[in-house]
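Numbering (this note's numbering), first residue to last: 0 to 188.
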């Protein structure tokens, strides 16, 4: 998606250790018009997968997932990283490594919002190693739901995440692919 690619090229900052800072677009400040365009593109890409719900991770996945949900007219649920007192006693919980935090984080979903028999489309901000997305897959499977597709705004192809998802046999779509961040330069596919 050229619009997203151009914004990443203009505003993205390579921080080292494989971290790309896109805080002005997605992670801290959100550009709603850009996310709307991304949501429309996800809706186009996944129009035929039969999704009944979108699942994402707190917090950076919420904006693209929400906009995809608007365009697809689907509810969006996000895995929380901390459990609020309003959540029931029994929850779906898994852990995944956080690249930016440098540690493991919890991913928690209430059974009220992720049910058996649902067709889940996973939308997130990044596809890097695939660890967070695989955590979301585990949550969907624990609920008895079926993952029908995976989308991410940005794929860092050099981190192997797509290969980690191959065994799921579902469509994996990313809007921008970054093939290298060597020498402090972004290289796009």
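Built from N, CA and C at the ideal position, the CB exists for glycine as well.
All values derive from a computational prediction rather than experimental measurement.
Start-to-end residues for the beta strand (DSSP E) that takes in residue i
i           : result
residue 160 : Here residue 160 belongs to no beta strand (DSSP E); instead the alpha helix (DSSP H) covers 160-164.
residue 20  : 18-20
Unbroken alpha helix (DSSP H) run spanning residue i, endpoints
i           : result
residue 137 : 130-142
residue 195 : Residue 195 is absent from the structure shown; the chain starts at 0 and stops at 188.
residue 39  : 31-44
residue 71  : 61-71
Reference residue i, options the options, closest by Cα
i           : options           : result
residue 112 : 128, 96, 143, 131 : 143
residue 110 : 102, 129, 79, 103 : 79
residue 117 : 95, 140, 27       : 140
Test item: CB-CB of residue i and residue j under 8 Å
i           : j           : result
residue 77  : residue 55  : yes
residue 134 : residue 50  : no
residue 130 : residue 95  : yes
residue 38  : residue 63  : yes
residue 122 : residue 164 : no
residue 160 : residue 128 : yes
residue 120 : residue 25  : no
residue 11  : residue 3   : no
8 Å CB neighbourhood of residue i in its chain, flanking five on each side removed
i         : result
residue 8 : 185, 187
Anticipated Cβ contact below 8 Å, residue i with residue j, distance rounded
i          : j           : result
residue 97 : residue 104 : 5 Å
residue 86 : residue 40  : Not a contact, Cβ separation roughly 32 Å.
Spatial neighbours of residue i in its chain, beta-carbon cut-off 7 Å, leaving aside the 5 residues before and after
i           : result
residue 169 : 146, 147, 148, 149
residue 61  : 55, 77
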